[in-house]
């Protein structure tokens, strides 16, 4: 907008000056014409005055000649003055341009020629000498009057010209003033505009310089120069910042090159040498190392300047591209990873792209391999080419209804290859939508699940067989359970009878039995008791996981207290200490949990050292999805090689006369823990004690019900 305004001002000023100059030129031309006319008018008046003198001085008007003076000298003067009259008359005819004077001069010319024409026909001197001259003064008054009238006319014309010239001069002064004023105004405005423009240019230049410096700072772009003649290096502030060097750091070519990593140092040296020798420029992405040990990627550009075939300087730019380069490296890695993913996808998946109508646009190699069709045979066709006829029309109608509404469809499809072979695929069809939400492409990714479907078929047969076996096993277990109850009842009754009769026998015949007989009765009763305990343990072992119980919130701290009450006799007998730390409240089955703690505490009391009172500690540790309960003692401990054996039914590590028991307590405990969905293990050191650990699921779910 300012440029248009300036142009308009310039045009207006030019028009004003041009107009003033034009009229000034016209005025100068008018002045020239007035001066020419004035000069001509003055010359006309002078000519008239000369004519008047010549006429008066003519011989006919000379008194001496009128007196018939016959002097030859006067005769010659007469001839000269008379011819001067005609000559001056011709001059007047040529000079006169005024209309009034032209008429007067024409009359004057006729009168003069009438008065002096005889001169042209006579030998004037001879006639005078021979007294033949005639006095011709009859027209003298008329000639004098005409000359006077003509001279007055020139005075009038001169006054008129002077008046017009004064008017023209005044007009010329006005145009001159306008011209000078316009020129001065234009010059003043131009100088002012130039000054303003210069200031604007300077301001714009400073702004551009600021923006350039700001842009260079933001772009991390600096510059540098190496003066070959002075062997000096200049780095801009940005270049120094990139190198992490202060302004007081002294630069030279050596430390500038040494700033690059060893790998790239040879490259920059070769580029500098080539520039010095051949003037070759360079543009390289290299890596530098700052004094702080930080590696940076930079872009360095250099160009040589030669004068008279000799390199004077090398200059260029220096840009920090570390972030960009790191991003590029990461991007290359990502692209490599994506390429690997795509390769893996292409090798493991069947991929096809179709248009909105289902026409195949592209397929991968896996599609061709599994379908036995070539790419040319598939492109431009629909998936009906591999339709096996296994699925109903409703199946495909629902499929198309899903994907045409912009939703993803997933499912299993059986296809038919070109050679007639059937194969199963798990398919995911993803629609690509336009801005209106309408599908324009469909991407189908499939996995070959033919072997899985075959395994499922085989597994189905196995499951059917397994179901039959399970039913047979359930029947067998029911029979075994009935047998266990019956056996326990039938076996316990004779044992009770044996124990009862032997006890009665010992009481009735105590005085008549010797020590050996009493010993035999003791062995028989003890064997019967142990046999009864084994039967009870077997019965308990068979019941694990078969009893229907209700889950409830169980405070393990209270459960330990109940166990201490149950074991109070043994605890008091052995002066044992049973202490429980912080224990959780769990949602589970109370009776099995009591049995676990009871068995572990009983085991700790049983296998305690005779020289030291049993010290039993019960603690807990919380984990993400379960609780870990630990029962520790200071008993006899066991070797690591027996850690698994102690949880096997009927496995004892000691003789029955050393430690009582049936060898089933820990086996029952393990079975209960595993049925609750946990696990149990032992940590032990012989002579120092053992720690039994078992886990309880936090969600309270167990694998079996009681």
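Numbering (the numbering used here), first residue to last: 4 to 709.
Beta carbons are placed, not taken as given, at the ideal position from N, Cα and C, and that holds for glycine.
When we look at the beta-carbon of residue i and count the other beta-carbons within 10 Å, is it buried (16 or more) or exposed?
i           : result
residue 403 : exposed
residue 449 : buried
residue 265 : exposed
residue 322 : buried
residue 191 : exposed
residue 447 : buried
residue 651 : exposed
residue 229 : buried
residue 171 : buried
residue 158 : exposed
residue 309 : exposed
residue 267 : buried
residue 317 : buried
residue 634 : buried
residue 156 : buried
residue 25  : exposed
residue 511 : exposed
residue 369 : buried
residue 332 : exposed
residue 237 : exposed
residue 70  : The predicted model places residue 70 with a pLDDT of 43, which falls under 50 and marks its position as unreliable, so this point remains unresolved.
Going by C-alpha distance, which of the options is nearest residue i?
i           : options            : result
residue 688 : 675, 301, 637, 113 : 637
residue 422 : 401, 436, 411, 377 : 377
residue 255 : 282, 234, 274      : 234
residue 365 : 351, 386, 347      : 386
residue 395 : 286, 165, 454, 416 : 416
residue 282 : 251, 295, 290, 315 : 315
residue 759 : 472, 410, 461      : Lying outside 4 to 709, the shown extent of the chain, residue 759 is not represented and no answer is given.
residue 563 : 296, 599, 293, 91  : 599
residue 22  : 38, 355, 520, 184  : 184
residue 250 : 239, 205, 635      : 239
residue 245 : 199, 237, 299      : 299
residue 437 : 359, 467, 370      : 359
residue 576 : 559, 613, 560      : 613
residue 453 : 373, 406, 434, 478 : 373
residue 591 : 678, 519, 312, 368 : 678
residue 263 : 691, 451, 287      : 287
residue 354 : 339, 342, 371      : 371
Identify every residue that forms a DSSP beta bridge with residue i.
i           : result
residue 434 : 445
residue 356 : 365, 446
residue 694 : 635, 686
residue 286 : 304
residue 376 : Bridge partners of residue 376: none, in fact.
residue 224 : 322
residue 558 : 588
residue 250 : According to DSSP, which records beta bridges pairwise, residue 250 is partnered with nothing at all.
residue 583 : 621
residue 414 : 430
residue 3   : For the chain, the structure presents residues 4 to 709; residue 3 sits outside this window and is missing.
residue 451 : 428
residue 700 : 629
residue 235 : 230
residue 263 : 291
Leaving aside the five residues before and after residue i along the sequence, list all residues of the same chain whose C-beta is less than 6 Å from its C-beta, in chain order.
i           : result
residue 456 : 427
residue 413 : 431
residue 2   : Outside the displayed span of the chain (4 to 709) sits residue 2, for which this structure offers no information.
residue 92  : 112, 115
residue 382 : 363
residue 580 : 618
residue 628 : 701
residue 279 : 314
residue 694 : 633, 635, 686
residue 202 : none
residue 697 : 632, 676, 681, 683
Going along the chain, which residues of its own chain have a beta-carbon closer than 8 Å to the beta-carbon of residue i, five neighbours each way excluded?
i           : result
residue 390 : 418, 419
residue 424 : 375
So, at 7 Å on beta carbons, what are the nonlocal neighbours of residue i in its own chain, with the 5 sequence-adjacent residues on each side left out?
i           : result
residue 668 : 602, 605, 606
residue 150 : 51, 54, 55, 111
residue 578 : 616
residue 224 : 241, 320, 322
(request) Any chance you could list the beta strand (DSSP E) runs of at least 3 consecutive residues sitting entirely within the stretch 588 to 638, in chain order? (result) 588 to 591, 618 to 625, 629 to 635
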